[in-house]
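Asks: I have a structure here, written as structure tokens, and I will follow up with some questions on it.
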Amino acid sequence: MESSFGARYPARVNVLGVSWVGVAVDQVETLVPFFRDVLGLKLVIEERAFAKLVMRDGDAVEVFGRGGPQPSEQFGTNRVVVGFLVDDIVAARRELDSAGIELIGELQEGTRGYRWQHFRGPDGNVFELCFDPARTR
């Protein structure tokens with residue numbers, strides 16, 4: 269099937285893989301045991317209404333419950349947000365902007381140089397660009 273995206277979106281972002289998945293749930297405690305005990309993910313953070321689990325390769329799944337650290341713009345109407353790992357988040361952000369893709373908020377920065385940018389896809393779903401200096405060297 270031929271796509272018209274090339275004509276509509278001339279920009280090209282260098283995606284290295286999927287490195288992060290965020291899941292919005294009503295109760296964190298119902299999903300964490302499944303990820304940990306059935307899928308074998310390692311629980312690294314567990315707080316009120318929030319948990320972070322990691323896979324062997326370092327990819328993360330964060331579970332956001334009601335009343336926790338869930339910014340509303342992060343999920344929009346989604347219940348799951350996928351983060352795409354890129355090697356240059358500033359360039360990737362610029363490419364999305366030049367393609368007319370809606371950027372949500374500013375470029376965010378976490379610990380150890382980890383950076384992320386939310387954006388809205390053409391279908392209205394929220395996605396994320398991720399930069400992890402430990403994984404993009």
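The numbering used here puts the sequence shown at residues 269 to 405. For every residue, glycine included, the Cβ atom is placed at its ideal position computed from N, Cα and C.
Could you give the distance in angstroms between the alpha-carbon of Val325 and the alpha-carbon of Val349?
Replies: Residue numbering aside, residue 325 sits at position 57 when the sequence shown is read from its first letter. Residue numbering aside, residue 349 sits at position 81 when the sequence shown is read from its first letter. According to the sequence shown, residue 325 is Asp rather than Val. Between Asp325 and Val349, the C-alpha separation is close to 19 Å.
Asks: With H, G and I counted as helix, E and B as strand and the rest as coil, what does DSSP make of Gly378?
Replies: Taking the sequence shown and counting its residues from 1, one reaches residue 378 at position 110. DSSP places Gly378 in coil when its eight states are reduced to three.
Asks: Based on DSSP bridge pairs, tell me the residues matched to Phe318.
Replies: In the sequence shown, residue 318 corresponds to position 50, counting from 1. Bridge partners of Phe318: Glu315 and Phe332.
Asks: Once the 5 residues before and after Val291 are set aside, which same chain residues still bring their CB inside 6 Å of it?
Replies: On the sequence shown, residue 291 is found 23 positions in, with the first residue counted as 1. Closer than 6 Å at Cβ, skipping near neighbours: Val331 and Val348.
Asks: Is it buried or exposed for Leu321, if we count other Cβ within 10 angstroms and need 16 for buried?
Replies: For the purposes of this step, residue 321 is taken as the residue at position 53 of the sequence shown. Flag for Leu321 reads buried.
Asks: Count the other CB atoms within 10 Å of the CB of Phe387; is the residue buried (16 or more) or exposed (fewer)?
Replies: Within the sequence shown, residue 387 is the residue found at index 119, counting from 1. Label assigned to Phe387: buried.
Asks: For Val296, report the span of its alpha helix (DSSP H) as first-last.
Replies: Numbered from its first residue, the sequence shown carries residue 296 at position 28. Per DSSP, Val296 belongs to the alpha helix (DSSP H) from Val296 to Pro301.
Asks: Between Val281 and Gly368, what straight-line distance do the alpha-carbon atoms span, to the nearest angstrom?
Replies: The count along the sequence shown starts at 1 and reaches residue 281 at position 13. The count along the sequence shown starts at 1 and reaches residue 368 at position 100. Looking at the two C-alpha atoms, the distance is approximately 13 Å.
Asks: To which residues of the same chain is Thr404 closer than 6 Å at the C-beta, ignoring the five residues directly before and after it?
Replies: For this step, residue 404 is matched to residue 136 along the sequence shown. Asp355.
Asks: With the cut-off set at 8 Å, would you say Ala317 and Arg304 are in Cβ contact?
Replies: In the sequence shown, counting from the first residue as 1, residue 317 sits at position 49. In the sequence shown, counting from the first residue as 1, residue 304 sits at position 36. The answer is no: Cβ separation not under 8 Å.
Asks: To the nearest angstrom, report how far apart Gly285 and Phe395 are at their CA atoms.
Replies: Here residue 285 corresponds to residue number 17 of the sequence shown, with the count starting at 1. Here residue 395 corresponds to residue number 127 of the sequence shown, with the count starting at 1. Looking at the two C-alpha atoms, the distance is approximately 13 Å.
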